[in-house]
Amino acid sequence: MDGPPAQSLGVEPPDPLVMNQPPRPKNASILNPRVIRKILVSAFIILAGTMFIYVTEMTDGVVTARDTTMTFTTFVFFDLFNACSCRSATKSVNEIGFFSNIPLNYAIGASFLGQLGVIYLPFLQSVFQTEPLSLFDLAKLLVLGSSVLFVNEIIKNKDNILSRIWPKKKYQSIGTQRFSITTFESDSSISIV
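For reference, each letter of the sequence shown is one residue, going 1 to 193 in full-length UniProt numbering.
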């Protein structure tokens with residue numbers, strides 16, 4: 001179910017400020033530590049959340065249609081929210097706009113409706129061995145699946161969040177592949193954390 005959303009990320013409108021950035025060195029790796037960290041964080045959240053649902057649903061030690069439906073739906077919801085998170089490496093979904101990538105919106109909507117079809121349409125239930133879920137189950141899985149988006153949004157916006165916690169201090173994160181420095185600047189002093 002994540003194929004169409006992943007393909008739709010290819011038509012994400014470019015960041016208008018990208019040409020203001022200096023060029024990367026020609027030997028710079030595409031998979032830099034920041035990208036790898038984001039991949040690992042997202043993978044951990046998706047794996048932990050999916051396994052949590054699987055383990056909590058399989059209380060009797062027997063895999064049932066409900067167990068597989070809950071687990072499969074959890075994984076699909078994680079993928080849909082992760083697609084939203086992957087729209088920009090540095091900008092929040094709020095900054096780039098929820099509806100600025102129309103093909104992605106259609107792909108996510110179609111994938112969501114496809115998942116509902118797999119859960120609720122009898123001929124698809126027999127093919128995928130699923131069973132209907134309650135609204136409470138769907139809400140629980142949507143909240144859990146959205147956690148990958150919220151965690152990544154917090155990581156992207158950590159400077160803004162810390163500025164709100166310490167409003168009288170200027171907060172800035174400086175990082176390279178080898179080290180990271182966080183500074184707090186007040187009226188006359190700079191502290192390095």
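Heads up, the beta-carbon is just placed ideally off N, CA and C, and yes, glycines get one too.
Cβ-Cβ distance between residue i and residue j below 7 Å
i	j	result
E131	A65	yes
L149	F81	yes
S92	N157	yes
T71	I53	yes
Cβ shell of residue i (< 6 Å), same chain only, five flanking positions each side left out
i	result
L144	G49
L124	G117, V118
Alpha helix (DSSP H) segment containing residue i, residue limits
i	result
F98	Premise fails: F98 is in no alpha helix (DSSP H) and is neither H nor E.
C84	65 to 85
G3	3 to 8
G145	135 to 156
L124	122 to 128
T50	33 to 57
Spatial distance of residue i from residue j (CA atoms)
i	j	result
F128	L121	10 Å
M19	N94	21 Å
S146	M51	16 Å
A43	G3	17 Å
S134	R87	31 Å
S29	I155	21 Å
T73	L17	37 Å
N27	P33	15 Å
Q7	V76	15 Å
V55	T69	13 Å
D60	V41	31 Å
7 Å Cβ shell around residue i - same chain, five flanking residues per side excluded
i	result
D187	Any answer about D187 is weak, because its pLDDT of 44 lies below 50 and its placement is not dependable; what the coordinates show is given next. Counting only Cβ-Cβ distances below 7 Å, and skipping sequence neighbours, we find nothing.
M58	D67
C84	V93, L149
F179	Bear in mind that a pLDDT of 43 at F179, under 50, signals an unreliable position, so the model cannot answer this.
T90	K156
Beta-carbon contacts of residue i that lie in its chain and below 8 Å, excluding the five residues immediately before and after
i	result
P5	D79, L80, A83, L104, A107, I108, S111
| Do the stretch 99 to 116 and the stretch 30 to 39 make contact, defined as three or more Cβ pairs closer than 8 Å? | Contact fails: fewer than three Cβ-Cβ distances are below 8 Å.
| Taking one C-beta from the stretch 99 to 108 and one from the stretch 10 to 17 each time, how about it: are there three or more such pairs within less than 8 Å? | Segments in contact, yes.
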